Every structure is written in C-alpha cells, then in structure tokens.
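First up is the structure itself, then whatever we jot down about it.
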Amino acid sequence: MTQLIHNTLSRFVDSGEIAGCSARIMRNDEVLFEESFGYADIESKLKMSADTIFPIASMSKVITVAGIMQLYEQGLFKLWDPVSKYLPGFKNPKIAKEKPDGSYEIVDAKGEVTMRQLFTMTSGVPYGWADTAAGRIRIEKEKEWMSNPLSFPGTVGYVNLVGQLPLAFEPGERWMYGFSIDVLGAVIEVLTGKSLGEYLKENVFDPLGMTDTGFFVPADKLDRIATLYNINEGMKPSDRGAPTSKPEFESGGGGMFSTVRDYSRFAQMLLHGGTLDGVRILGRKTIDLISTDHLTPEQRRSDNWDTQRGYGYGLGVRVMTNPELAGINGSVGEWGWDGAFGNWFCVDPKENLTCVYLTTNRPGEHYRFIPKLMASMYASLD
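In the working numbering, the protein residues as written are 870 to 1251.
Now the structure itself:
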C-alpha cells in the first residue's frame, strides 16, 4: 500500500516541482515508509538520503517548546506568568495601532504579554514582516541593530531589544504567527544559565540520540547539507551552508538543522507521551497539554492560513479539529508543525503514527504538496 506514498513523492520530483525530499513514516513503532527522492544538490548530483542534513526552519519551534516545557514541569514558571518576569524588555508594552489610512499610532497596551500567549502565538510579538505596522517598525530597527554586528548582544539581549518594540495588537487579542517561540528560547537561557543550544543538546538531543541536530553543522558534516532551491525560478539555487560553530543568535523559532531520522525520533517521543526507548523527555499529561487546541473562537478567526484550515493551535503546534473542513482523510487530534522550506511533520495518536517530511523548497508552498502527501499516507493504512 505504500506504493501510493512512493508515487506521490516521486511525482513531486519527476514533475520538476521540487529538487528532492526525504520522508520517514512510523506506525506501531515500525517503519511503514522510508525513502528519499531527487537531489540534495543538483549541480554536484548529490542524492537525497536519510542522512541528508536539512535546515528545518520552524520545525525548530516544537523542539524549543519541548525544552521549555521540561522547565514548566520543574515548576520554574507558570503559563500565565508575564514574560517580563524573565525578560525585562517586555515590561510596559506598547502597541502599533494601525489606522484605516495605513498610518499608525503608538499606544500603551492594556496588559502584558504572558508565557501562554507566546506558546499560542497570541502575543502580538511580530516577525520582521511588512504585513503589520509593528513588523515594519521591527524591520527598520533590525537594520539599525545589524549596522554594527560586532556589538550583537547575544540571544537574551537581542530578545530583550525585540521586547521593547511595539506589539501588533493587544496581547491575547488574536492569533498571529510571529517571533514568540524565539522569545521562549531566550527564557530557557534565563532559567537555566545555559545557552539554548547547550540546554537542548543535554536535555533533548543527546537523550534521544539525535546526533545530527543542532544550531550548527560541524565542518566534517557540511557535505551532507541540502541546498535550498527557488522552486518557482527554475530550481535556482538559493542557499547551501550552515554555521560550523555556535551562532550569535540561536533561533529557537527557526535556526536548527536536522535529518529525517533524527526528527523522527523526536516525533516518536511525542507520540509515546514524552518517552522513547525508556528515556523520558516530558510527562504524558504535558504532551496532552501541548497538543490540545488552546484558541478561543475569536483568536481562531485569524488563524486562517490555507494550511491551517480545519486546525486549531496548541502550544506551538497545529491541532486537527475538523478533517472535513481541512479536506484531509486524517484524524481528529493529529498534530505537529512545518517549516518555511516545505518541511512538515505530524503525530497521529489515533493511528499510532508519525510522519517526517523534509525538503528544500523556497518558498515552501506547503498547500501544493502536503495535502497530497497526507492523502496518500492515510490511504495506505489498513
């Protein structure tokens, strides 16, 4: 039955839509499907494989969530704590309130951003994107900060600077994908006294045997990195490379590298209630909390991406609530996330299944590919 999955993924490559991909699907703790297609680097004819190292972009977020929820379990913070308790840059927030004519005014927020709002993407902390006034303000500030890279203040200092910028809306008012999980990564550093990369290596990567995952790629592994391709520009190479040592800013929201097998081990841990091969990363009830839809009806109205149709949002993850609306032959309660370069993973407790799909698309255009992968995957189940 897995021929359906093979045909769908090979078609993505054979049609010229993508350069290559690698996928691993586990069901009932056995490998249901594991194949790689196309090229990690077209020019050198380097084929995709299970050992190919990918920039996983926002799939980093779920790993950061797992790391900080370990600290939640230790009683080091509460979800309703104000973020300023750990990062003083978030004290007394302002809002860039937009006007109908496209201008904006800076006003005081009615309340502070909470930890829970960071997890649920309802904080109003923007990326440096131009779709909001707050995002445009951040773009200009980033230019100013980066004009002197030698004075970069490190992860915690940088996130505190972001905290001083205006929010896009009142904290908790609506859902907006943004910089929130990166802020949680800085909180990990404050609470542990370790860099984010050090903490995750000691408490997530090493215990799970994720030997090829982190914020940099050692020099002796650089030949395994996949090239990113502009898939709408005739597979024009976009980027191939990675830092070979700890970067100045360890982006918990998007800066990690991994392989399909490494990330599959992480997904299997999530499926099994926080434990894999006798190693406990998180408690079962913590996993339940992460994978439950936390949005109010009002917040859900702005969670309106094509790829979010039929989904709610938990703690850093999408959560399937309505397969009929999604147009997916999947399960209520399936959950996971994706990444900017087309990467995607899911955990399906009802089917005892995980899927990790890594690719190199720029832009990711998940809506073109992921529903087809899901349709073939679920059709392959007995």
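Glycine residues also receive a C-beta, built at the ideal position from the N, C-alpha and C atoms.
Bear in mind that the values here come from a model prediction, so they are computed numbers and not experimental data.
Check: Which of the three DSSP states, helix, strand or coil, is assigned to residue 1131?
Finding: Against the sequence shown, residue 1131 aligns to sequence position 262. Note: residue 1131 maps to helix in three-state DSSP.
Item checked: DSSP-derived helix/strand/coil call for residue 945 -> Counted from its first residue, the sequence shown places residue 945 at position 76. Reduced to three states, the DSSP call for residue 945 is coil.
Checklist line | Classification of residue 1081 by the beta-carbon crowding that lies within 10 angstroms, buried from 16 upward | finding: Counting from 1 along the sequence shown, the entry for residue 1081 is found at position 212. Per the 10 Å Cβ criterion, buried.
Notebook entry, point to check: Just curious, the beta strand (DSSP E) that residue 1327 is in, first and last residue?
Noted result: For residue 1327 there is no data in the structure shown, the boundaries of the chain being 870 and 1251.
Item checked: 6 angstroms Cβ shell around residue 986 - same chain, five flanking residues per side excluded -> Translated into positions along the sequence shown, residue 986 becomes position 117. So the qualifying residues of the chain are 992, 1040, 1041.
Next item on the list: Identify whether residue 1245 lies in helix, strand or coil by the three-state DSSP scheme.
Entry: Taking the sequence shown and counting its residues from 1, one reaches residue 1245 at position 376. It is helical.
Notebook entry, point to check: Going by Cα to Cα distance, which pick from 1109, 1060, 1232 is closest to residue 942?
Noted result: As a first step, residue 942 must be located in the sequence shown, where it is residue number 73. Ranking 1109, 1060, 1232 by Cα distance to residue 942 puts 1060 first.
Notebook entry, point to check: Looking at the unbroken beta strand (DSSP E) that takes in residue 967, where does it start and where does it end?
Noted result: Looking up residue 967 in the sequence shown gives position 98. Residues 963-967.
Item checked: Cβ-based neighbour list, residue 936, same chain, cut-off 7 angstroms, excluding 5 preceding and 5 following -> Position 67 of the sequence shown, counting from 1, holds the residue named residue 936. Excluding residues within five positions, the ones whose Cβ falls inside 7 angstroms are 1057, 1068, 1069, 1072, 1073.
Note to self: Rounded to the nearest angstrom, what separates residue 1124 and residue 924 at their Cα positions?
What the structure shows: Here residue 1124 refers to the residue found at position 255 of the sequence shown. Here residue 924 refers to the residue found at position 55 of the sequence shown. Computed Cα separation, rounded: 7 angstroms.
Check: Just the Cα atoms here: how many angstroms apart are residue 1150 and residue 1103?
Finding: What you label residue 1150 is simply residue 281 of the sequence shown in a count that begins at 1. What you label residue 1103 is simply residue 234 of the sequence shown in a count that begins at 1. Going from the Cα of residue 1150 to the Cα of residue 1103 covers about 43 angstroms.
Notebook entry, point to check: In its own chain, which residues sit with a C-beta less than 7 angstroms from the C-beta of residue 1191, not counting the 5 before and 5 after it?
Noted result: Numbered from 1 along the sequence shown, position 322 holds the residue referred to as residue 1191. Only 1179 meet the Cβ criterion.
Notebook entry, point to check: Secondary structure at residue 1069, three-state DSSP: helix, strand or coil?
Noted result: Your numbering for residue 1069 matches position 200 in the sequence shown. If DSSP states are grouped into helix, strand and coil, residue 1069 belongs with the helices.
Notebook entry, point to check: Grouping DSSP H, G and I as helix and E and B as strand, with all else coil, what is residue 1189?
Noted result: Here residue 1189 refers to the residue found at position 320 when the sequence shown is read from its first residue. Residue 1189 falls in the strand class under three-state DSSP.
Item checked: Nearest-angstrom Cβ-Cβ length linking residue 1156 and residue 1183, presumed shorter than 8 angstroms -> In the sequence shown, residue 1156 corresponds to position 287, counting from 1. In the sequence shown, residue 1183 corresponds to position 314, counting from 1. So it is not a contact: roughly 10 angstroms between Cβ atoms.
Note to self: Taking 8 angstroms as the cut-off, does the stretch 1228-1247 touch the stretch 1097-1112 (at least 3 CB pairs, one atom from each stretch)?
What the structure shows: yes
Check: Where are the beta strand (DSSP E) runs, 3 residues long or more, that stay fully inside the stretch 972-1044, in chain order?
Finding: 973-977
Notebook entry, point to check: Under 9 angstroms between the Cβ atoms of residue 1064 and residue 1119?
Noted result: The residue labelled residue 1064 in the question sits at position 195 within the sequence shown. The residue labelled residue 1119 in the question sits at position 250 within the sequence shown. Yes, these two residues count as a Cβ contact at 9 angstroms.
Next item on the list: Pick out whichever of 1185, 1107, 1246 has its Cα sitting closest to the Cα of residue 990.
Entry: Looking up residue 990 in the sequence shown gives position 121. Residue 1185 is the option with its Cα nearest to residue 990.
Margin query: Given this structure, state the Cα-to-Cα distance separating residue 1129 from residue 1093, to the nearest angstrom.
Written below: For the purposes of this step, residue 1129 is taken as residue 260 along the sequence shown, with counting starting at 1. For the purposes of this step, residue 1093 is taken as residue 224 along the sequence shown, with counting starting at 1. Cα-Cα distance, rounded: 13 angstroms.
Item checked: Beta-carbon separation (whole angstroms), residue 870 vs residue 1249, contact threshold 8 angstroms -> Mapped onto the sequence shown, residue 870 falls at position 1. Mapped onto the sequence shown, residue 1249 falls at position 380. Right, their Cβ atoms sit about 4 angstroms apart.
Check: Would the stretch 877-885 and the stretch 1200-1220 be scored as touching if the rule is three or more Cβ pairs under 8 angstroms?
Finding: no
Check: Does DSSP put residue 1055 in a helix, a strand or coil?
Finding: The sequence position of residue 1055 within the sequence shown is 186, counting from 1. Looking at residue 1055 - three-state DSSP - the assignment turns out to be helix.
Margin query: In the DSSP assignment, the beta strand (DSSP E) including residue 920 goes from what residue to what residue?
Written below: Against the sequence shown, residue 920 aligns to sequence position 51. From DSSP, residue 920 is part of no beta strand (DSSP E); its letter is neither H nor E.
Checklist line | Continuous beta strand (DSSP E) stretch holding residue 894: start and end | finding: Looking up residue 894 in the sequence shown gives position 25. Taken as a continuous stretch (DSSP letters only), the beta strand (DSSP E) holding residue 894 covers 889-896.
Next item on the list: Have a look at residue 1133 and residue 961 and give me their C-alpha separation to the nearest angstrom.
Entry: Residue mapping note: residue 1133 aligns to position 264 of the sequence shown, counting from 1. Residue mapping note: residue 961 aligns to position 92 of the sequence shown, counting from 1. Rounded to whole angstroms, residue 1133 to residue 961 spans 41 angstroms at the Cα level.
Check: Can you list the alpha helix (DSSP H) stretches of 4 or more residues lying completely in the stretch 1097-1167, in chain order?
Finding: 1129-1140, 1153-1159
Check: Taking contact to mean at least 3 C-beta pairs separated by less than 8 angstroms, is the stretch 950-959 in contact with the stretch 1024-1037?
Finding: yes
Check: Between residue 1037 and residue 964, what straight-line distance do the alpha-carbon atoms span, to the nearest angstrom?
Finding: For the purposes of this step, residue 1037 is taken as residue 168 along the sequence shown, with counting starting at 1. For the purposes of this step, residue 964 is taken as residue 95 along the sequence shown, with counting starting at 1. Going by the C-alpha atoms only, they are around 6 angstroms apart.
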